[in-house]
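When we follow this note's numbering, the leftmost residue of the sequence shown carries the number 48, and every step to the right adds one. All C-beta atoms, glycine included, are put in the ideal place defined by N, C-alpha and C. Have a look at the structure below before the remarks.
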Amino acid sequence: MSKFARGAAVMGAGLALAVVLSPVARADDHADARASASRAGYIELTAFDKTPIYTKPSDSSPRLGYVRAGGKVRVWCQVKGPSGNIWYAIQSLDSRPNYVWSGHFMSLVHPPKSC
48 MSKFARGAAV MGAGLALAVV LSPVARADDH ADARASASRA GYIELTAFDK TPIYTKPSDS
108 SPRLGYVRAG GKVRVWCQVK GPSGNIWYAI QSLDSRPNYV WSGHFMSLVH PPKSC
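This is the structure:
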């Protein structure tokens, strides 16, 4: 192995180590959610699987549709449903809120305010 190749390999390994150990690599993934909540009054979350949208905070209420896996929703507040589960009130096209179960999203360090 030439001196240049060894130097390049050491430099690449050092750069890779710096990326892994940098604060940006370990940044809090909820930082954007907290910032948007303070500015706009909502938190934007991403569903990790197909998420049903309900008219009320209960899975026995009518379904309005789904949020696809990887889709984003704007959460305005949270409410405890009849079963004790936490539901998120999300933005809808009409004036009344729609609800999604919080279990379809990552748990938050700073959850939305109560409704």
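Proximity test, C162 beta-carbon vs the ligand NAP heavy atom, cut-off 6 Å: Ligands in the displayed structure: none, and consequently the ligand NAP is not present.
Rounded C-alpha distance that separates V120 from S161: When rounded, the distance between both Cα atoms is 17 Å.
Whole-number beta carbon distance between L92 and F152, since they are thought to touch under 8 Å: Confirmed, Cβ separation roughly 5 Å.
Between the CA atoms of G88 and Y101 - distance to the nearest angstrom: So the alpha carbons of these two residues sit roughly 21 Å apart.
Expected contact under 8 Å - CB spacing of T98 and V122 to nearest Å: Actually they do not touch by this definition, with Cβ atoms about 12 Å apart.
Inter-residue CB distance, I133 and S149 (contact presumed, cutoff 8 Å): Sure, about 4 Å apart at Cβ, within 8 Å.
C-alpha gap between F95 and A116, whole angstroms: The alpha-carbon atoms of F95 and A116 are separated by roughly 5 Å.
Straight-line gap, Y146 to G128 (C-alpha atoms, nearest Å): Taking C-alpha positions only, Y146 is separated from G128 by approximately 10 Å.
Pairwise C-alpha distance: Q138 and L155: So the two alpha carbons sit approximately 19 Å from each other.
Nearest to R90 (by Cα), restricted to the options S105, Q125 and S130: Reading off the sequence, residue 90 comes out as Ile, not Arg. Comparing alpha-carbon positions, the option among S105, Q125 and S130 lying closest to I90 turns out to be Q125.
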